[in-house]
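There are 2 protein chains.
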Amino acid sequence: MATARKADKPYHHGDLRAALIAAAEAELIGKGIDAFSLRGAARRAGVSHAAPAHHFKDAMALLDALAAAGFARLTATMKEEQAAAGADRKAQLVAAGVGYVRFALDNPELLQLMFGTSRRKSDDPELGRNADAAFSVLVNGVGMIRGRDAFTGEAGWRDVAACWSMVHGYAQLAIAGKMEFVTGLEFTRQRDLIEDLVRRALPEKAPL
Amino acid sequence: MATARKADKPYHHGDLRAALIAAAEAELIGKGIDAFSLRGAARRAGVSHAAPAHHFKDAMALLDALAAAGFARLTATMKEEQAAAGADRKAQLVAAGVGYVRFALDNPELLQLMFGTSRRKSDDPELGRNADAAFSVLVNGVGMIRGRDAFTGEAGWRDVAACWSMVHGYAQLAIAGKMEFVTGLEFTRQRDLIEDLVRRALPEKAPL
DNA sequence: CCGTAATCTTGACGCTGTAAAAATTGTCGC
DNA sequence: GCGACAATTTTTACAGCGTCAAGATTACGG
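Chains as they are written, first to last, in this note's numbering: chain A, 1 to 208; chain B, 209 to 416.
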């Protein structure tokens, strides 16, 4: 009874697997992606340095799992923003983009992890699934605008590439501190800027 | 006379500083950004593991220098592409974007280093200078299109943000392997796609 | 209630980056 | 020419890292 049992999964710790993922995020945010250490995450979770080995093959597997959780939250943030937006189809796609950037700026280290090749090997099946789910939010947004046979030709796919590139590029550059020349402008509100950017990428003459 | 003197700077090695930067790039390309090691770079340069300390304060300083060289080459690639393009002002900006992406895809690890926060501390003055030089290629491109008072309001800066975000985002996503859904399309030529993307970002109604 | 399997800890290995001390080599004044 | 000095490089050492192997601990099924 020393350790109050919160779930029924665990054997010793409670739920070490989940605790390690949470600890890994704290470690990632606290020390940055290069100073991240598996031993540090174990320390934060209150277990010995070799304990993670039983739940994750190696350090990269733990970070893959964290990245997977990140993609799930990215998807949630985009849908959340869409729910708060108007029903207009373009507004829906713009809202997804705004959510994308908001998530990125709120979780810079996580985004670096999710999209960098660094520190991961990316063969986690859940990671692939969650990344696909996030992707399909964008695809659906373009599909709504373009209608029926949106993706028969390559025009629809180009729209997706344009929208994704725009929001992702802005997010990355803002995280890297390279966007101060525009975010620092006096009367620029971040959200207006992002909406402007997304609108440039999406198909103006789409339903032509 | 055992070591043929190529310049007048060096004392012992010849030009260890430059050799270390070259070795660091080989190490970066060969082992990836997370497996990069200072000792490995020293090994490639044929010196002891502590030799770099006299030329670079620490490992991050060496990678900062490499990133600075990367920005110089990025600028060169953009200008090269501009020289090969038509004189039309929009074509010039598009060419800069194409050069940006070409450099990125030819040097993926280097781009990750240049724009990631990972493994660097970024207080190298030459790094800042070279990054600014690359930035100004884009700014000049927008300035040419918008003319005289391009950057009095914020519209011009938004154009810069849009163009940069677009090319940077596409480059990052392509490097991460996330753009196969469009690069894999049968008759899509990469260059056409990139030109299309850049054209979406730039100010259509600019000289209005 | 005990055996077995899952979980966690301990200890060890080679690797890393960095600092300090020792050794080597070029340069400058004489 | 050569000795003193300064710059460069190597050697040595240390703490931290990821991972593996072995031992200890705990839960579960018969």
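Don't be surprised by glycine CBs; every beta carbon is placed ideally from N, CA and C.
Problem - At least three beta-carbon pairs within less than 8 Å, the region 143–160 of chain A to the region 302–320 of chain B - result: Contact between the region 143–160 of chain A and the region 302–320 of chain B is absent, because fewer than three Cβ pairs lie under 8 Å.
Exercise for the section: Identify each residue in the region 141–156 of chain A for which the Cβ-Cβ distance to at least one residue of chain B is less than 7 Å, and report them in chain order. Expected result: Glu-154
Problem - Beta-carbon neighbours of Ser-118 of chain A, restricted to chain B and to distances below 9 Å - result: Within 9 Å Cβ-Cβ: Gly-240, Ile-241, Asp-242, Gln-320, Gly-324, Ser-326, Arg-327.
Exercise for the section: Starting from the beta carbon of Ser-37 of chain A, find every residue of chain B whose beta carbon is closer than 7 Å, and list them in chain order. Expected result: Ser-37 of chain A does not reach chain B, its nearest Cβ partner there being about 12 Å away, counting only Cβ pairs nearer than 7 Å.
Problem - Under 7 Å between C-beta atoms of Ala-267 of chain B and Leu-246 of chain B - result: yes
Exercise for the section: Please report the residue range of the alpha helix (DSSP H) in which Ala-26 of chain A lies. Expected result: 16–35
Handout entry: Local conformation of Gly-307 of chain B per DSSP, three classes
Key = helix
Practice task
In the DSSP assignment, find the unbroken alpha helix (DSSP H) run with Ala-168 of chain A in it and report its ends.
Solution key: Per the sequence presented here, residue 168 of chain A reads as His, with Ala not at that position. First-last of the alpha helix (DSSP H) with His-168 of chain A: 155–175.
Problem - Members of the region 379–406 of chain B near chain A, C-beta cut-off 7 Å - result: Gln-380, Leu-381, Ala-384, Met-387, Phe-389, Val-390, Leu-393, Thr-396, Leu-401, Asp-404, Leu-405
Handout entry: Leu-410 of chain B to Gly-128 of chain A span [Cα, whole Å]
Key = 33 Å
Problem - Interface positions of the region 262–274 of chain B facing chain A (Cβ-Cβ less than 7 Å), listed along the chain - result: none
Handout entry: Same chain, Cβ closer than 7 Å to Lys-9 of chain A, neighbours up to 5 away in sequence not counted
Key = Because the pLDDT of Lys-9 of chain A is 37, which lies under 50, any placement of that residue in the model is unreliable, and the number read from its coordinates should be weighed accordingly. Closer than 7 Å at the Cβ level, and outside the excluded window around Lys-9 of chain A, lie Asp-15.
Practice task
For Gly-336 of chain B, return the contacting residues in chain A, with the cut-off set at a CB-CB distance below 8 Å.
Solution key: For Gly-336 of chain B, there are no neighbours in chain A by C-beta distance under 8 Å, as the nearest C-beta there is about 11 Å away.
Problem - Which of helix, strand or coil DSSP assigns to Ile-194 of chain A - result: helix
Handout entry: Boundaries (first-last residue) of the alpha helix (DSSP H) holding Leu-62 of chain A
Key = 59–84 is the span of the alpha helix (DSSP H), which, as asked, contains Leu-62 of chain A.
Practice task
Would you kindly check if the distance between the Cβ of Gly-377 of chain B and the Cβ of Met-166 of chain A is under 7 Å?
Solution key: yes
Exercise for the section: Count the other C-beta atoms from every protein chain shown that fall within 10 angstroms of the C-beta of Ser-256 of chain B, then say buried if there are 16 or more, exposed otherwise. Expected result: exposed
Handout entry: Contact set between Met-78 of chain A and chain B, taken where Cβ atoms lie within less than 8 Å
Key = Correct list: empty, because the minimum Cβ distance to chain B is about 16 Å.
Problem - Residue-chain proximity (Ala-133 of chain A, chain B), Cβ-Cβ < 7 Å - result: no
Problem - Ser-326 of chain B burial status per 10 Å Cβ neighbour count (16 or more: buried) - result: buried
Practice task
Just tell me which of B:Phe-323, B:Ala-370, B:Leu-381 has its CA closest to the CA of Val-198 of chain A.
Solution key: B:Ala-370
Practice task
Would you please verify whether the beta carbon of Ser-165 of chain A is less than 7 Å from any beta carbon of chain B?
Solution key: yes
Problem - Stretch-stretch touch, CB-based, cutoff 8 Å, three pairs: the region 296–305 of chain B with the region 345–360 of chain B - result: yes
Exercise for the section: With a threshold of 16 other CB atoms inside 10 Å of the CB of Arg-189 of chain A, please say whether the residue is buried or exposed. Expected result: exposed
Practice task
Starting from the beta carbon of Arg-310 of chain B, find every residue of chain A whose beta carbon is closer than 9 Å, and list them in chain order.
Solution key: The premise fails here: Arg-310 of chain B is roughly 15 Å from chain A at the closest Cβ pair, so nothing lies under 9 Å.
Practice task
Output, in chain order, the set of chain B residues within a Cβ distance shorter than 7 Å of Arg-158 of chain A.
Solution key: Val-390, Leu-401, Asp-404
Exercise for the section: Would you kindly work out how many angstroms separate the C-alpha atoms of Ala-61 of chain A and Asp-296 of chain B, rounded to a whole number? Expected result: 50 Å
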